[in-house]
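If you're matching positions, the sequence shown starts at 558 in the numbering used here and goes up one per residue. C-beta: ideal position from N, C-alpha, C; glycine also.
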Amino acid sequence: MTAISADERGFGIYVHWPFCRAKCPYCDFNSHVREAIDQRRWRDALLKELAHYAEQTPGRTVTSLFFGGGTPSLMEPETTAAVIDAVRRHWTVTPDLEITLEANPTSVEIERFRGFRDAGVNRVSIGVQALDDTVLKFLGRQHSAGEAIRALEIGRATFPRLSFDLIYARPGQSLEAWQNELAAALDLANSHISLYQLTIEPGTAFEQRVARGDFVTLPEEEQATLFDWTASRLERAGLPAYEVSNHARPGEESRHNLTYWRYGDYVGVGPGAHGRLTLGGTKFATRQHRAPEAWLDAVERDGHATRQRDEVAQAARLTEMVMMGLRLAEGIPAARFRAESGSEIEGALDAQRLKRMVEGGFLVQENDRLRATNDGRARLDAVLGALLA
Ligand code: SF4
558 MTAISADERG
568 FGIYVHWPFC
578 RAKCPYCDFN
588 SHVREAIDQR
598 RWRDALLKEL
608 AHYAEQTPGR
618 TVTSLFFGGG
628 TPSLMEPETT
638 AAVIDAVRRH
648 WTVTPDLEIT
658 LEANPTSVEI
668 ERFRGFRDAG
678 VNRVSIGVQA
688 LDDTVLKFLG
698 RQHSAGEAIR
708 ALEIGRATFP
718 RLSFDLIYAR
728 PGQSLEAWQN
738 ELAAALDLAN
748 SHISLYQLTI
758 EPGTAFEQRV
768 ARGDFVTLPE
778 EEQATLFDWT
788 ASRLERAGLP
798 AYEVSNHARP
808 GEESRHNLTY
818 WRYGDYVGVG
828 PGAHGRLTLG
838 GTKFATRQHR
848 APEAWLDAVE
858 RDGHATRQRD
868 EVAQAARLTE
878 MVMMGLRLAE
888 GIPAARFRAE
898 SGSEIEGALD
908 AQRLKRMVEG
918 GFLVQENDRL
928 RATNDGRARL
938 DAVLGALLA
């Protein structure tokens, strides 16, 4: 029944570095601030956990390696080099292995760019977030707009591929202000840019500040206007949205993230990292200890810090695959439905719900695949709720 093998969707390795200089008030990632970090201990532990997962995944070919966080540009380049070497030792890798590192644009980190490149990093993703110092302060960022621009210039000269992130739909942001900021960003952009709408996540400092009435979020209709305008502006600039928040020139998409969205397999090492592994036809969800010190102790004791390793039941596989795949402009091929659920699109999903979403103009079924329209991707949470509930 399997018409698409997991390998055709890529096989990625994700490495989580959980430390940041300061906690941004909107951030709900697994990121922590520590006075001092024993880089040697951390490096040895990451290498141990990689070896553990390599043993479980013999014969796989790695297509991408991604250093995320946290702020992995705070790793010493030697640590990055050791991880890259270990991946190359443990697995076969594709000749054009994509190696991405997330970086923040402070001057200390910019100084390390050459070290990361020499270690083997060939793609950098820079957390610019805004090009205005007042806004950067509001977002709790540790860099200025000038530093961000310098990081982009040096990043472009150092790495073969570069992407950067911006946060928009901020409190009080007008369409005109966003148009000006995005025009400046596009002048600095290469072939990939990620544009995220500000969301207030539970447990963050921003959640408390909104509850206190310090600021109000942008009304939903204004957010939708900004989203729609952004999609058409980036399309005109030659970087169409290949995913809800990600824009690239064709061929310049993040291969690592495509593996997630295509519901391929990936190993996750480091605190709180998630993985999805198909072993003997069964899909497993893995999750590592979240707290940095608990992770470190467990790896040093047991060789890994796997907190959860559960089989993903068939219904959950279908749900996860649809939730990921409809984020992509390319949608989900019917063959992937057959591979994950053993059914055609119509058999896998509730026929009435599917029909309603197609008639409403949110989903399209054509060319042997199911995809969300632009309207559907603009309100994907509601579409998924209606389709899968
Ligand atoms: S730098 Fe990134 S990971 Fe760290 S706190 Fe800020 S948003 Fe979160």
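For the options Thr-651, Ile-641 and Gly-703, the alpha carbon positioned closest to that of Val-678 is the one of Ile-641. Runs of the alpha helix (DSSP H) lying entirely within the region 805 to 833, each at least 4 residues long, are 812 to 818 in chain order. In this structure Pro-634 is buried. Its beta-carbon is surrounded by 16 or more other beta-carbon atoms within 10 angstroms. At least 9 Å separates the beta-carbon of Val-856 from that of Val-572. A Cβ-Cβ separation of about 19 Å leaves Phe-586 out of contact with Thr-816 under the 8 Å criterion. Counting the other CB atoms within 10 Å of its CB gives Gln-686 a total of 16 or more, which places it among the buried residues. In this structure, DSSP gives Gly-838 a state outside helix and strand, which the three-state scheme calls coil. Of all alpha-carbon atoms in Pro-652, Thr-649 and Arg-674, the one lying nearest the alpha-carbon of Leu-658 is that of Arg-674. For Asp-689, the closest of Ile-683, Ala-705 and Ser-630 by C-alpha to C-alpha distance is Ala-705. Assigned with DSSP and collapsed to three states, Pro-849 falls in helix. The three-state secondary structure of Ser-701, taken from DSSP, is coil. Residue nearest to Leu-885 within the set Ala-946, Glu-800 and Ile-724 is Glu-800 (criterion: CA-CA distance). Judged by their CB atoms, Pro-759 and Leu-709 are not nearer to each other than the 9 Å cut-off.
In the displayed model, Thr-787 falls within a helix according to three-state DSSP. Asn-803 is bridged by DSSP to Ser-751 and Glu-800. The bridge partners DSSP lists for Thr-843 are Gly-832 and Arg-866. Lys-580 and Ala-892 have their C-alpha atoms some 42 Å from each other. Membership of Gly-795 in any alpha helix (DSSP H) is not indicated, and neither H nor E is assigned to it by DSSP. When the Cα atoms are used, Pro-828 and Glu-565 turn out to be separated by approximately 28 Å. The continuous beta strand (DSSP E) containing Asp-722 extends over residues 718 to 725. Taking all protein chains in view, the Cβ of Phe-670 is crowded by 16 or more other Cβ atoms within 10 Å, so the residue is classified as buried. Here the distance from the Cβ of Arg-698 to the nearest heavy atom of ligand 1 is below 8 Å. Within the region 565 to 641, complete alpha helix (DSSP H) segments of at least 4 residues are found at 596 to 613, given in chain order. As the crow flies, the alpha-carbon of Leu-920 is around 13 Å from that of Pro-890. In the three-state reduction of the DSSP assignment, Ser-682 falls in the strand class.
When distances are taken from the beta-carbon of Tyr-583 to the heavy atoms of ligand 1, the shortest one is below 8 Å.
In the three-state DSSP reduction, Leu-941 falls in the helix class (H, G or I).
In this structure, the beta-carbon distance from Gly-684 to Ala-762 does not fall below 9 Å. DSSP lists Val-619 as the bridge partner or partners of Val-650.
Considering only Phe-695, Leu-723, Thr-835 and Met-632, the residue with the shortest C-alpha distance to Arg-874 is Thr-835. Distances between the C-beta of Gly-626 and the heavy atoms of ligand 1 include at least one below 8 Å. With fewer than three CB-CB distances shorter than 8 Å, the region 606 to 624 does not count as touching the region 582 to 596. The beta-carbon separation of Glu-901 and Met-878, rounded to 14 Å, does not stay under the 8 Å limit for a contact. The beta-bridge partner set that DSSP reports for Val-856 is empty.
At least one heavy atom of ligand 1 lies closer than 8 Å to the C-beta of Ala-579. The DSSP-derived three-state label of Ala-929 is strand.
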